[in-house]
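2 is the number of the first residue of the sequence shown in my numbering; add one for each residue after it. Note that the Cβ used here is the ideal one computed from N, Cα and C, for glycine as well. Just so it is clear, the structure is predicted and the values come from calculations on it, not from any experiment. Beneath this line is the structure, given in structure tokens, with notes to follow.
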Amino acid sequence: MERSKKPAAIPVTSSLPQPTLNISEDRVDAVLPSGESVSVSFHGATVTSWKLADGEEQLFLSEKAHLDGSKPIRGGIPVVFPVFGPPPASGHATSSLPQHGFARNSFWEFLGKSTSESSNENQKSDSNIKLDFGLSNGMLSDEFKKAWPYEFGLVYSVSLTPKSLETSLHVQNKGDKSFEFQVLLHSYLRVKDISQIRLQNLQSKTYIDKTQNASSHTESSPEVAIISETDRVYQSLDPTVPVIVSSAADNSKLFSITREALTDLVVWNPWIEKAKGMADFGPDEGYKNMICVEAGSVSGWQSIEPSDAWECGQTIHAKL
Ligand code: TA6
Numbered sequence: 002m003e004r005s006k007k008p009a010a011i012p013v014t015s016s017l018p019q020p021t022l023n024i025s026e027d028r029v030d031a032v033l034p035s036g037e038s039v040s041v042s043f044h045g046a047t048v049t050s051w052k053l054a055d056g057e058e059q060l061f062l063s064e065k066a067h068l069d070g071s072k073p074i075r076g077g078i079p080v081v082f083p084v085f086g087p088p089p090a091s092g093h094a095t096s097s098l099p100q101h102g103f104a105r106n107s108f109w110e111f112l113g114k115s116t117s118e119s120s121n122e123n124q125k126s127d128s129n130i131k132l133d134f135g136l137s138n139g140m141l142s143d144e145f146k147k148a149w150p151y152e153f154g155l156v157y158s159v160s161l162t163p164k165s166l167e168t169s170l171h172v173q174n175k176g177d178k179s180f181e182f183q184v185l186l187h188s189y190l191r192v193k194d195i196s197q198i199r200l201q202n203l204q205s206k207t208y209i210d211k212t213q214n215a216s217s218h219t220e221s222s223p224e225v226a227i228i229s230e231t232d233r234v235y236q237s238l239d240p241t242v243p244v245i246v247s248s249a250a251d252n253s254k255l256f257s258i259t260r261e262a263l264t265d266l267v268v269w270n271p272w273i274e275k276a277k278g279m280a281d282f283g284p285d286e287g288y289k290n291m292i293c294v295e296a297g298s299v300s301g302w303q304s305i306e307p308s309d310a311w312e313c314g315q316t317i318h319a320k321l
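The following block contains the structure:
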């Protein structure tokens, strides 16, 4: 039968409002139809902004942060890889790297975005967007390549939903030598007043206190207050148990952080003197408006064999 009357192809397009994406020279900005937004700098694949639908910023970004690629970005969510903190003094593969490694201080490439229909039938639009960024050994500076001569591939995914921000890192060994690494998501959470927040679900956990010569302690408080310079590595946490940043006034949950494969959690606030002492930390009083709650695998080393891969991540819910 002659099928001259074949129906015209019907374009499959969603009539629902879609997330918007803007790719500029230095970053990617995405906005959900419901109003939430995220910005990710190509430098370090650093999330520099996460706003809720009412426009309220959830991350702290120093007013003096270097956004031109000249230094790691002070604030947002720097990606720490392949070493946390100052590397071992000598005799380790990371010994020639700078503090916190090269990932936060390298230019990543944007690999693309994906959106997904909301599973909630009441949701009137696509409510999720995932942005993928890549970094591999060939993209590193000569200095970093020389300092850490391994073939690797990183894919960092930033996923925004109306109620959460998820960041995950996929590590692949693309060479013929195994290597070991540490990883940490150095999240600077924005708070109205550091004296009015508490950290919950750390009680009875062991922590290394870097303000007391890296001595080991056990957390006794169900609600940790920040009253001075704080630099603690809480260890061996169940990553599925959320760490909560709550309001001291009414115990409302400001942030809830769950993790995957990241069993350490660093809590850091530079307080008055250290804040003043960092040239890229501003304003000086900014320590009152931030708390770093950093999901990581930093107490030991992850080892990865040739062709193997390893994945980790964090999900931060805000204003629960
Ligand atoms: O995550 C806590 C920490 O290791 C602190 O010891 C402090 O050094 C902070 O990171 C910031 O490090 P940075 O290299 O970004 O100045």
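Could you pull the start and end residues of the alpha helix (DSSP H) that residue i belongs to?
i: F145; result: D143 to A148
As a quick exercise: from the options, pick the residue whose alpha carbon is nearest that of residue i.
i: H44; options: K72, P18, T21 and P20; result: K72
i: S216; options: L200, R233, S222 and S229; result: R233
i: P34; options: A90, H218, N129 and I228; result: N129
i: N138; options: V244, P83, V225 and S169; result: P83
i: G76; options: E312, G287 and F111; result: G287
i: G283; options: I74, N252, S237 and H218; result: I74
i: I273; options: S257, L238 and I228; result: I228
i: L255; options: N290, A262, I209 and D265; result: N290
i: S25; options: L17, S42, Q19 and G36; result: S42
i: I78; options: I195, L190 and D55; result: L190
Following the continuous beta strand (DSSP E) through residue i, name the residue where it begins and the one where it ends.
i: E1; result: No information on residue 1 is available, as it lies outside the stretch 2 to 321 that the chain covers here.
i: E110; result: E110 to S117
i: A276; result: Here A276 belongs to no beta strand (DSSP E); instead the alpha helix (DSSP H) covers W272 to G278.
i: A319; result: A310 to A319
i: F180; result: F180 to L186
i: K193; result: No beta strand (DSSP E) holds K193; DSSP gives it neither H nor E.
i: V234; result: T231 to Y235
i: F374; result: The chain is shown only over 2 to 321; residue 374 falls outside these bounds and no answer can be derived.
i: A31; result: R28 to V32
Does the beta carbon of residue i come closer than 8 Å to any beta carbon on chain C?
i: I227; result: Considering every chain present, this structure includes no chain C. It has just one protein chain.
Given that a residue counts as buried once 16 or more other Cβ atoms are within 10 Å of its Cβ, and exposed if not, what is residue i?
i: V184; result: buried
i: E64; result: exposed
i: D309; result: exposed
i: T231; result: buried
i: H218; result: exposed
Determine the direct distance from the alpha carbon of residue j to that of residue i, and round the result to whole angstroms.
i: A226; j: S91; result: 36 Å
i: P87; j: A104; result: 14 Å
i: R260; j: S304; result: 19 Å
i: K146; j: K164; result: 39 Å
i: A280; j: E224; result: 32 Å
Looking at the ligand PLP, does it come within less than 7 Å of residue i, judged from the CB to the closest heavy atom?
i: D133; result: Because the ligand PLP does not appear in the structure shown, any question about it cannot be addressed here, the ligands present being the ligand TA6.
Quick one: complete beta strand (DSSP E) runs, 3+ long, within the region 39-79? 48-52
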